[in-house]
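Take the position in the sequence shown, starting the count at 1, then add 14; the result is the number in our numbering. Before any comments, here is the structure.
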Amino acid sequence: MAPPVIRGTAAWRYFGDFRDLLLAGQVLVLQVAHPVVAAGVRDHSDYTEDPWTRLMRTGASLSIYVYGGLDGARFEAERLRKLHRTFTGVDGGRRYSALDPAAYAWVHATLVKVPVDVQRFFGRPLAKDELDEYYAQLCDIGRLLGVREGDLPPDWPAFERYYAEQVASFGPNETITTLFETIDAVPNPVRWLPDRWWPKLRAAQAKAQLFLIRATLPSPLRDRLGLRWTPADQRRFDRFCRCTRVLGAVLPASLRTAHMRWIGKLNVWLRAHPWAYRFIP
15 MAPPVIRGTA AWRYFGDFRD LLLAGQVLVL QVAHPVVAAG VRDHSDYTED PWTRLMRTGA
75 SLSIYVYGGL DGARFEAERL RKLHRTFTGV DGGRRYSALD PAAYAWVHAT LVKVPVDVQR
135 FFGRPLAKDE LDEYYAQLCD IGRLLGVREG DLPPDWPAFE RYYAEQVASF GPNETITTLF
195 ETIDAVPNPV RWLPDRWWPK LRAAQAKAQL FLIRATLPSP LRDRLGLRWT PADQRRFDRF
255 CRCTRVLGAV LPASLRTAHM RWIGKLNVWL RAHPWAYRFI P
């Protein structure tokens with residue numbers, strides 16, 4: 015049994031780090047690389063029409079079950095499982111469910127891995143004792159969300175082997191292609207931003223997002239997806255990592271995670287006071 019996610023523990027320090035956003039595209043690609051997840055997203059997600067709202071809802075959900083306290087996490091876990099029970103269908107002649115144990119565990123596994131990768135790329139790699147505590151805490155959260163005992167490996171070294179084996183089984187699919195197209199064509203996220211400005215801003219964000227996806231995906235999957243990566247790209251990414259590492263080093267952990275902790279507390283309050291949603295535009 016891991017310690018609860020409280021101030022100073024590994025999950026508290028690393029899960030909500032602002033630099034985790036840099037791997038948002040990478041984790042989406044890894045999730046929909048799983049065939050069951052790909053089918054569910056294709057048939058039931060509205061992210062192609064409204065990706066910004068989907069991104070905000072995902073961030074809110076993550077903040078609740080990590081930083082929202084035990085009651086908030088339980089409430090959010092039940093909400094997520096109730097929602098995902100409706101995500102069923104047929105893919106290639108075979109029935110699928112979003113609550114398929116292997117697929118459900120894989121989605122959680124990708125979220126477990128993000129903060130570890132972020133620190134490896136943009137911060138300070140976690141020490142063994144931090145990794146052990148962090149992984150145990152995220153496994154406890156996974157069980158709260160419905161990931162069964164045994165669906166994730168018992169320790170971090172075994173998790174890394176499991177993760178590599180999963181990635182080795184993935185390849186291109188229709189949903190990954192649609193995801194890349196959505197990044198290129200994402201609509202203006204806010205009403206106050208003049209539409210005439212958005213095409214250039216969209217092109218810049220797409221270029222940056224796709225660069226980070228190519229940079230941070232496991233290289234075997236990157237190659238299978240046909241994403242080109244050159245020595246010049248690696249040098250650019252190395253420079254970006256150094257700059258981001260310096261920025262993170264000057265901020266204490268309490269500031270690096272402040273936005274996610276605040277969002278978590280706000281969303282727990284909103285769940286308890288649903289009438290307040292009508293005042294949110």
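C-beta atoms are modelled at their ideal positions from N, C-alpha and C, and glycine is treated no differently.
As DSSP reads the structure, threonine 102 sits in a beta bridge with Ser111. Note that the C-beta distance between threonine 230 and alanine 52 is not below 8 Å. Taking the C-beta atoms as reference points, glutamine 151 is found nearer than 8 Å to alanine 16. Membership of isoleucine 277 in the alpha helix (DSSP H) is indicated by the continuous run 272-286.
Per the coordinates, the alpha-carbon of arginine 157 lies some 40 Å from the alpha-carbon of leucine 215. With a threshold of 16 other beta carbon atoms within 10 Å, lysine 127 meets it and is buried.
Rounded to the nearest whole angstrom, the C-alpha separation of leucine 284 and arginine 95 is 19 Å. Straight across, the Cα-Cα distance linking glycine 262 with tryptophan 206 is about 30 Å. Annotated three-state conformation of glycine 240 is coil, per DSSP. The closest CA to that of aspartate 34, considering only Arg134, Phe225, Arg210 and Gly106, is found on Arg134.
Going by DSSP, arginine 249 is part of the alpha helix (DSSP H) stretching over 245-263.
Secondary structure note for phenylalanine 194: its alpha helix (DSSP H) is the uninterrupted segment 188-199. Shortest Cα-Cα distance from glycine 164 to any of Asp198, Trp120, Val130 and Pro203 involves Trp120.
Around the beta carbon of aspartate 31, 16 or more other beta carbons sit within 10 angstroms, so the residue counts as buried.
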